[in-house]
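Residue numbers (the numbering used here): 13 to 154.
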Amino acid sequence: TARMTAIGGFFVAPILRNWYLALDKMFGSQMLLSTAAKKLVTDQLLFAPCFVAAFIIVNNLLQGKSMEMIENQLRLEYGNIIVTNWMLWVPAQVLNFRLIPLQYRLMFSNVVALFWNTYLAYKANSQTSPEDAKIVLFTEDS
């Protein structure tokens, strides 16, 4: 849709490009395992949680949803979205930081993001009520 194209072009791409440049400034551009690990931890524990929340907020604001609705959705679904983020992006970013040269990292991320953004848009557009929300990250049986 036009909304997702705008979000991708004006929000996601510029932020990710600058984020990858910042990671290289912080940790260097070597494609060593130790460098990739530092980038991965920083990316997934500091950047991803903020970026996912920002994406959900921006997408919902562009749909005209109220902040109350957005806050409710984040409260109900954010934990599951972050866990799903880690399931997809940790392996993807290991490959990205370890094997992909800097000039191609954004392109690689965009390919993975095609699937991720589809999932995020689905979650952002879902109509979850507090009664329907069943957030289970860990159970006593696991």
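Cβ atoms here follow ideal geometry from the backbone N, Cα and C, with glycine treated the same way.
Own chain residues within Cβ distance below 8 Å of residue i, not counting five before or after
i           : result
residue 98  : 56, 60
residue 81  : 72
residue 151 : Unreliable positioning characterises residue 151 in this predicted model, as indicated by a pLDDT of 35, which lies under 50. The coordinate reading is nonetheless provided below. No residues qualify anywhere along the chain.
residue 156 : With the chain represented from 13 up to 154, any question about residue 156 goes unanswered, as that position is not in the structure.
Check whether residue i and residue j have beta carbons under 8 Å apart
i           : j           : result
residue 15  : residue 74  : yes
residue 41  : residue 114 : yes
residue 95  : residue 19  : no
residue 93  : residue 64  : yes
residue 135 : residue 89  : yes
Other residues of its chain near residue i: CB distance less than 7 Å, five sequence neighbours each side excluded
i           : result
residue 31  : 59
residue 33  : none
residue 137 : none
residue 120 : 108, 112
residue 43  : 110, 111
residue 122 : none
Integer Cβ distance of residue i from residue j, believed to fall under 8 Å
i          : j           : result
residue 29 : residue 118 : 5 Å
residue 68 : residue 132 : 7 Å
Close beta carbons around residue i, own chain, < 6 Å, minus the five adjacent residues each side
i          : result
residue 35 : 51
residue 22 : none
residue 47 : 39, 40
residue 25 : none
residue 78 : none
residue 85 : none
residue 17 : none
Taking one C-beta from the region 35-53 and one from the region 106-120 each time, how about it: are there three or more such pairs within less than 8 Å?
-> yes
Kindly provide the ranges of any alpha helix (DSSP H) runs that are 4 or more residues long and lie completely inside the region 71-134, ordered along the chain.
-> 79-111
Sequence ranges, alpha helix (DSSP H) only - wholly within the region 17-62, length at least 4 = As far as the region 17-62 is concerned, its whole alpha helix (DSSP H) runs of at least 4 residues are 25-39, 45-54.
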